[in-house]
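**Q**
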Amino acid sequence: MKSLRPAGLVTAAIVLLVDQLAKFTVTGSLGIDHLGAVREITSFFALRFVPNFGVSLGLFQADGAMMRWGLVGLTAAIAIGVVVWMTREKNRQDQIALGFVLGGAIGNILDRVRLGYVVDFADLHFGEWRPFLVFNVADAAITIGVLVLLVRALLVRDKPRNGQDAGAERAPVENLNA
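Start counting the sequence shown at 18; every next residue gets the next number (this note's numbering).
Pasting the structure below:
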C-alpha cells in the first residue's frame, strides 16, 4: 500500500478537531444539549440542538442498536474507502478534499459510537424558511469535500495532450534510423 498523503491527513485531523470542539462547546459550555434548546446568534443563524439518529437528510433513522451499529459500520467502510483513495491520489487538491470527507466521517462516527446519535446544531434560516436541515461541522466538511471532488472531476482535471488518453503511458519509441 502506498504511503498516506500528509495534506489529506492533516486536513482530516483539523476537520475532526474543529468538529468535536464545536460539538463539545455547543452541548457543554453553551448548554444547548437537549431537544428544543436554541440560541439565536444572528437573524439568519441559530445554534439548535438536534440529535440525528439517521444519516444525511434524516434518512435511515436508527431505531435500535442493530441499525445504529449498521450505520457505524457503513460510515466506517466509506471512511476506509476514502483512506484507500487518499493513498492513491497524487493531486494535492483532491487529497485535501478527501481529507474534508474523512475528517467529517470520523467526527460523525465518534458521535454515533459515543452517544448513539450525531449532534447537529447549525441552523441557517431566513425567517421561517430553512434551506438546509440543521447540520454540524462534519456534515459541512463532507459536503465541501464532495463538491470540490465533483467540480475538479468535471471541470478542472488535466486534459489529455496531443490526442493521448490521459491515463495512457507513452510507449517507447524505437529508433528507426539505427
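Where is the CB? At the ideal position from N, CA and C, for every residue including glycine.
Just so you know, these numbers come straight off a predicted model, no measurement behind them.
Write down every uninterrupted run of the beta strand (DSSP E) in the segment 125-164 whose length is 3 residues or greater and which is fully enclosed by it, in chain order.
**A** Here the runs fully enclosed are 135-141.
**Q** For Ala29, which residues from the same chain have a beta carbon less than 6 Å from its beta carbon, with the 5 sequence-adjacent residues on both sides left out?
**A** Within the sequence shown, residue 29 is the residue found at index 12, counting from 1. Closer than 6 Å at Cβ, skipping near neighbours: Gly116, Leu119, Gly120.
**Q** Could you check if Arg109 is buried or exposed, using at least 16 other CB atoms within 10 Å of its CB as the buried criterion?
**A** Taking the sequence shown and counting its residues from 1, one reaches residue 109 at position 92. Looking at its Cβ environment, which holds fewer than 16 other Cβ atoms inside 10 Å, Arg109 is exposed.
**Q** So, does the segment 51-64 touch the segment 135-142, judging by three or more C-beta pairs under 8 Å?
**A** The segment 51-64 is in contact with the segment 135-142.
**Q** In angstroms with no decimal places, state the Cα-to-Cα distance between Asp128 and Ile113.
**A** For the purposes of this step, residue 128 is identified with residue 111 of the sequence shown, where counting begins at 1. For the purposes of this step, residue 113 is identified with residue 96 of the sequence shown, where counting begins at 1. Between Asp128 and Ile113, the C-alpha separation is close to 23 Å.
**Q** If you follow the beta strand (DSSP E) that Leu64 is in, where does it begin and where does it stop?
**A** On the sequence shown, residue 64 is found 47 positions in, with the first residue counted as 1. Per DSSP, Leu64 belongs to the beta strand (DSSP E) from 62-69.
**Q** Considering just the uninterrupted stretch of the beta strand (DSSP E) at Val55, what are its terminal residues?
**A** Counted from its first residue, the sequence shown places residue 55 at position 38. Its beta strand (DSSP E) spans residues 55-57.
**Q** If I measure Cβ to Cβ from Met18 and keep anything under 7 Å in the same chain, skipping five residues before and after, which residues do I get?
**A** Taking the first residue of the sequence shown as position 1, residue 18 is located at position 1. Bear in mind that a pLDDT of 49 at Met18, under 50, signals an unreliable position, so the model cannot answer this.
**Q** So, for Leu166: in the same chain, excluding its five sequence neighbours on each side, which residues have a beta-carbon less than 7 Å away from its beta-carbon?
**A** Numbered from its first residue, the sequence shown carries residue 166 at position 149. Excluding sequence neighbours, Leu166 sits near Asp111, Ala114.
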